[in-house]
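Chemist: Please find one structure pasted underneath; my questions will follow.
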Amino acid sequence: MEKVKRFGVSIEQNLLKKFDNYIKTGKYKNRSEAIRDLIRENFVNNSWEDSSKLVAGAIVIVYDHHKRELLDNIVDIQHDYQNFIISSQHIHLDHHNCMEIIVVKGIMGKLTELEALLKATKGIKHTTFAKSTLGDEI
Numbered sequence: 127m128e129k130v131k132r133f134g135v136s137i138e139q140n141l142l143k144k145f146d147n148y149i150k151t152g153k154y155k156n157r158s159e160a161i162r163d164l165i166r167e168n169f170v171n172n173s174w175e176d177s178s179k180l181v182a183g184a185i186v187i188v189y190d191h192h193k194r195e196l197l198d199n200i201v202d203i204q205h206d207y208q209n210f211i212i213s214s215q216h217i218h219l220d221h222h223n224c225m226e227i228i229v230v231k232g233i234m235g236k237l238t239e240l241e242a243l244l245k246a247t248k249g250i251k252h253t254t255f256a257k258s259t260l261g262d263e264i
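Next up, the structure:
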């Protein structure tokens with residue numbers, strides 16, 4: 127484990143009150159854990175600004191599986207990006223709606239391209255992209 131360094135922080139009272147509420151609702155044990163988490167989150171978000179950066183994440187799509195040709199279109203898009211897809215999981219939400227979680231790893235520019243293609247596919251109800259990291263920069 128890396129050596130821990132201590133430092134002081136000056137912060138306005140109102141902002142500290144909001145931060146302490148964030149800590150409480152986030153179930154953090156202390157301010158240090160919350161600060162470390164926020165710093166890591168910032169570094170992960172910054173890594174996604176470089177379109178050539180190697181990153182990981184999960185694209186989640188929700189769609190009506192009764193839509194004609196939609197499943198074929200989703201599969202075709204995934205086959206075109208198979209080098210970036212680690213796995214996918216298909217979940218039946220109800221009789222009409224399905225969710226698919228597509229775990230991806232690769233060059234950020236290609237992953238956002240894949241997400242955009244899926245999002246723009248007629249019949250997709252919702253798309254979200256959980257952006258993460260390979261862990262090397264945090």
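Per the numbering used here, the sequence shown runs over residues 127 to 264.
Where a beta carbon is used, it is the ideal one built from N, C-alpha and C, also for glycine.
The model shown is predicted, which means the values in this text are computed figures rather than measured ones.
Cβ atoms of valine 230 and leucine 240: under 8 Å apart, would you say?
Modeler: In the sequence shown, counting from the first residue as 1, residue 240 sits at position 114. In the sequence shown, counting from the first residue as 1, residue 230 sits at position 104. Result yes, Cβ atoms of leucine 240 and valine 230 sit closer than 8 Å.
Chemist: Between Ser258, Asn168, Val188, Asp262, which has its C-alpha nearest leucine 219's C-alpha?
Modeler: Counting from one through the sequence shown, the residue named residue 219 turns up at place 93. For leucine 219, the nearest C-alpha among the options comes from Val188.
Chemist: Please classify glutamate 241: does DSSP put it in a helix, a strand, or coil?
Modeler: Residue 241 sits at position 115 when you count from the first residue of the sequence shown. Reduced to three states, the DSSP call for glutamate 241 is helix.
Chemist: Specify the secondary structure class of phenylalanine 145 as computed by DSSP and reduced to three states.
Modeler: As a position in the sequence shown, residue 145 is number 19, starting the count at 1. Correct three-state label for phenylalanine 145: helix.
Chemist: Nearest CA to the CA of arginine 132: which residue from Lys153, Ser158, Lys143?
Modeler: What you label residue 132 is simply residue 6 of the sequence shown in a count that begins at 1. The residue with the shortest Cα to Cα distance from arginine 132 is Ser158.
Chemist: Could you pull out every residue in the same chain whose Cβ sits closer than 7 Å to the Cβ of threonine 259, ignoring the five residues on either side in sequence?
Modeler: For this step, residue 259 is matched to residue 133 along the sequence shown. Hits under 7 Å: Val170, Ser173, Val181, Ala182.
Chemist: Tell me which same chain residues have a C-beta within less than 6 Å of the C-beta of isoleucine 212, skipping the five on either side of it?
Modeler: Residue 212 sits at position 86 when you count from the first residue of the sequence shown. Closer than 6 Å at Cβ, skipping near neighbours: Val229, Lys231.
Chemist: May I have the straight-line CA-CA distance separating lysine 153 from leucine 243, to the nearest angstrom?
Modeler: Sequence index remark: in the sequence shown, residue 153 carries index 27 (1-based). Sequence index remark: in the sequence shown, residue 243 carries index 117 (1-based). Spanning the two alpha carbons is a distance of roughly 37 Å.
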